[in-house]
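Take any residue in the sequence shown, note its place counting from 1, add 33, and you have its number in the numbering used here.
Idealized CB from N, CA, C, for every residue including glycine.
Bear in mind that the values here come from a model prediction, so they are computed numbers and not experimental data.
Notes to accompany the following structure.
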Amino acid sequence: GKSADLKIFPNPVISSTNISFSLLTPGKTSLTIYDITGRLVKTIADKEMTEGYHQLSIDINEMNAGIYLLRLQSQDILETKKLVVVK
Numbered sequence: 034g035k036s037a038d039l040k041i042f043p044n045p046v047i048s049s050t051n052i053s054f055s056l057l058t059p060g061k062t063s064l065t066i067y068d069i070t071g072r073l074v075k076t077i078a079d080k081e082m083t084e085g086y087h088q089l090s091i092d093i094n095e096m097n098a099g100i101y102l103l104r105l106q107s108q109d110i111l112e113t114k115k116l117v118v119v120k
């Protein structure tokens, strides 16, 4: 599949982090965070997005320390990155 070049910085995360990605085509895009058991922890975005570069800041203060998966889904893109939360 295509890549959106999903990036998380800083990572490990203490309180907030930035995520960036690029979409080749506009469309409904969802950004979600799951814990390692596959439980949905947080929905960051679930909306129509334009093509091009996107950067979002996310607050993870309410999340416990641990390893999570950030998932980006848009059109024919499905990309997952590991997100590490430290307290």
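Looking at S48: is its Cβ nearer than 8 Å to the Cβ of I93? Within the sequence shown, numbered from 1, the residue matching residue 48 stands at position 15. Within the sequence shown, numbered from 1, the residue matching residue 93 stands at position 60. With a cutoff of 8 Å on beta-carbon distance, S48 and I93 are scored as near each other.
With a threshold of 6 Å on Cβ separation, who are the neighbours of H87 within its own chain once the five nearest residues in sequence on each side are excluded? Within the sequence shown, the letter at position 54 stands for residue 87. Within the same chain, H87 has close Cβ partners F54.
Where Q108 and A37 are concerned, what is the direct C-alpha to C-alpha distance, given to the nearest angstrom? For the purposes of this step, residue 108 is taken as the residue at position 75 of the sequence shown. For the purposes of this step, residue 37 is taken as the residue at position 4 of the sequence shown. Each residue's alpha carbon lies about 11 Å from the other.
Is the CB-CB distance between N44 and L116 below 8 Å? On the sequence shown, residue 44 is found 11 positions in, with the first residue counted as 1. On the sequence shown, residue 116 is found 83 positions in, with the first residue counted as 1. Pairing N44 with L116 gives a Cβ-Cβ distance under 8 Å.
Pick helix, strand or coil for N51, following the three-state DSSP scheme. Stepping through the sequence shown from its first residue, residue 51 is reached at position 18. Strand at N51.
Beta-carbon proximity list for K120, same chain, < 6 Å, skipping 5 on both sides: Residue mapping note: residue 120 aligns to position 87 of the sequence shown, counting from 1. Here K120 has A98 as same chain residues with Cβ atoms under 6 Å from its own Cβ, once five neighbours each way along the sequence are excluded.
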